[in-house]
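Asks: Mind looking over this structure? Questions follow.
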Amino acid sequence: MTGTTKLDLYTSEKCGSDLTGDGSQTKPFASIKKAITLYEDKKSDLQIYVDSEASDETFRILSKTQLKKHMKELSLSQKKHESQLEHKKQEKREIRLDQASAVAVELDQNLPQPVQIKTREIPSNINRRVLVYGWVDSIRRQGKKLMFITIRDGSGYLQCVCADKLCQTNHALLLSPESTVCMYGVINTLPVGKIAPGGVELTCDYWELIALAPPGGLEAVLNEESNPDTQLNFRHLQLRTEETSNIMRVNSRALQAFRDHYTAMGYYEVNPPTLVQTQCEGGSSLFEFKYFE
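Residue numbers (my numbering): 8 to 300.
Take a look at the structure:
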């Protein structure tokens, strides 16, 4: 039985270089930190050599205890660096939110009165100002002055384009997938080469946030690896996904086809009770009702 092959890396404070070194005996790194960082995915197989104090050898193997110590220090340093980056990121975010709180957008009453429609009614409302309610399916931000929001309302999808102040408000910065929104604007056909659901997009002139969803969207609750219990507990959310909703649509069409066929043949649909061996769960087992008190 052979042991695990070690990865030999050489370091030298005397003649090494973190810029030009490659970890070989002839071109060692200057620091142990550099060697561990470059081969972090193989740190369990590392065998690091350092300058030897003995006159009869150039390098010596770094002890396991010292190697673990360096790895621990590097890990703490990385966590500290990540924490500092996150802190700076949070500070920038708070500054942007403070600036966004001063941005106000109002509905322009001089524009034509919008027609409230469903996304399935888009083809008959091209070049008209409309009002569409829906859930945010995806968000794509391009800089500070352009944002693409794809919404769905159960009957289809619609890409909405927000520009300038519309994507600089507090709500625009906090907007997350599955939030409920109300979009105002004109539906335009896309130019050649552009892609969007249905080949159209809504050029927004105003929008409202109805309800803000928690960050992360559906992926924070459900994904392909979720166990069946989780999927059942969040079935109401799973039905929002495109695959599951398409399955339900096919199921609805199939049932409707059967009903139409048998109705045309003169049959009547009835709903007889189902007899099972086990006792059904009734209201008395769910809610306490003190009848005699």
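C-beta atoms are modelled at their ideal positions from N, C-alpha and C, and glycine is treated no differently.
Would you kindly report the start and end of the unbroken beta strand (DSSP E) that includes N240?
Replies: First-last for N240: P235 to N240, but that is the alpha helix (DSSP H), not the beta strand (DSSP E).
Asks: Roughly how many whole angstroms lie between the Cα atoms of P184 and Q120?
Replies: Roughly 28 Å separates the two Cα atoms.
Asks: Is the region 65–76 touching the region 132–140, taking contact as three or more C-beta pairs under 8 Å?
Replies: Counting Cβ pairs under 8 Å, fewer than three are found: no touch.
Asks: Which residues mark the beginning and the end of the alpha helix (DSSP H) in which N253 is found?
Replies: That run of the alpha helix (DSSP H) goes E249 to A271.
Asks: Have a look at V207, Q91, F265 and D160 and flag the residue whose alpha-carbon is nearest the alpha-carbon of E249.
Replies: Looking at the Cα atoms, D160 is the closest of the given residues.
Asks: Excluding the 5 residues flanking A220 on each side, which residues of the same chain have their C-beta closer than 7 Å to its C-beta?
Replies: Answer for A220: S183, P184, E185 and S186, listed in chain order.
Asks: So, are the CB atoms of E20 and D58 less than 8 Å apart?
Replies: In contact: E20 and D58 (Cβ atoms closer than 8 Å).
Asks: What would DSSP say about Q32, mapped onto helix, strand or coil?
Replies: In the structure shown, Q32 sits in coil (DSSP, three-state: anything other than H, G, I, E or B).
Asks: According to DSSP, is Q106 part of a helix, a strand, or is it coil?
Replies: Helix.
Asks: Measure the CB-CB distance between R247 and W142 and report whether it falls below 8 Å.
Replies: Cβ distance < 8 Å, so R247 and W142 count as in contact.
Asks: Tell me where the beta strand (DSSP E) around T157 begins and ends.
Replies: It spans L153 to R159 - the beta strand (DSSP E) in which T157 sits, taken as one unbroken run.
Asks: Give me whichever residues DSSP pairs with E215 in a beta bridge.
Replies: DSSP, once it has assigned bridges, lists C189 as partnering E215.
Asks: Identify the continuous alpha helix (DSSP H) that holds A170 and give its terminal residues.
Replies: Careful: A170 lies outside any alpha helix (DSSP H), inside the beta strand (DSSP E) at Y164 to A170.
Asks: Does the beta-carbon of L69 have 16 or more other beta-carbons within 10 angstroms, so that it is buried, or is it exposed?
Replies: It counts as buried.
Asks: At what residue ranges does the region 56–110 contain a whole run of the beta strand (DSSP E), taking only runs of 3 or more?
Replies: Within the region 56–110, the complete beta strand (DSSP E) runs of at least 3 residues are 66–68.
Asks: Which word fits Y17, buried or exposed, when buried means at least 16 other C-beta atoms lie within 10 angstroms of its C-beta?
Replies: With 16 or more Cβ atoms within 10 Å of its Cβ, Y17 is classed as buried.
Asks: May I ask which residues mark the beginning and end of the alpha helix (DSSP H) holding L180?
Replies: Unbroken alpha helix (DSSP H) run through L180: N177 to L181.
Asks: Where F265 and E128 are concerned, what is the direct C-alpha to C-alpha distance, given to the nearest angstrom?
Replies: The straight-line gap from Cα to Cα measures roughly 27 Å.
Asks: Am I right that A107 and L173 are in contact with their C-beta atoms under 8 Å? What's the rounded C-beta distance?
Replies: About 12 Å separates the two Cβ atoms, so there is no contact after all.
Asks: Assuming the contact rule is C-beta atoms closer than 8 Å, V110 and T210 should be a hit. Round their C-beta distance to whole Å, please.
Replies: In fact, because the Cβ distance is near 19 Å, the residues do not count as touching under 8 Å.
Asks: Using the Cβ count rule (16 or more neighbours within 10 Å means buried), how would you classify V188?
Replies: Its Cβ being crowded by 16 or more others within 10 Å, V188 is buried.
Asks: Pull up the distance between the alpha-carbon of R148 and that of V122, whole angstroms please.
Replies: Near 27 Å, if we compare the C-alpha coordinates of V122 and R148.
Asks: Have a look at Y191 and S162 and give me their C-alpha separation to the nearest angstrom.
Replies: Roughly 18 Å separates the two Cα atoms.
Asks: Thinking just about the alpha-carbon of each residue, which of G205, S38 and E89 is nearest to the one in T157?
Replies: Of the candidates G205, S38 and E89, the one whose C-alpha sits nearest the C-alpha of T157 is G205.
Asks: Would you report the Cα separation of G224 and Q245, rounded to the nearest angstrom?
Replies: Going from the Cα of G224 to the Cα of Q245 covers about 11 Å.
Asks: Kindly list the residues whose CB is nearer than 8 Å to the CB of T12, restricted to its own chain and excluding five residues on each side of it in sequence; keep chain order.
Replies: Within the same chain, T12 has close Cβ partners D52.
Asks: Do I43 and L81 come within 8 Å of each other at the CB atom, strictly closer than that value?
Replies: Yes, the pair counts as a contact, with Cβ atoms nearer than the cut-off.
Asks: Check for me: the beta strand (DSSP E) holding I146 runs from which residue to which?
Replies: Run containing I146: R136 to R148, per the beta strand (DSSP E) assignment.
Asks: Among K151, L83 and L153, whose alpha-carbon lies nearest the alpha-carbon of K40?
Replies: Comparing Cα positions, the closest option is L83.
Asks: Does DSSP classify N278 as helix, strand or coil?
Replies: Correct three-state label for N278: coil.
Asks: Going by CA-CA distance only, name the one from T251, H178, A227 and L197 that's closest to L216.
Replies: Out of T251, H178, A227 and L197, H178 has the C-alpha closest to the C-alpha of L216.
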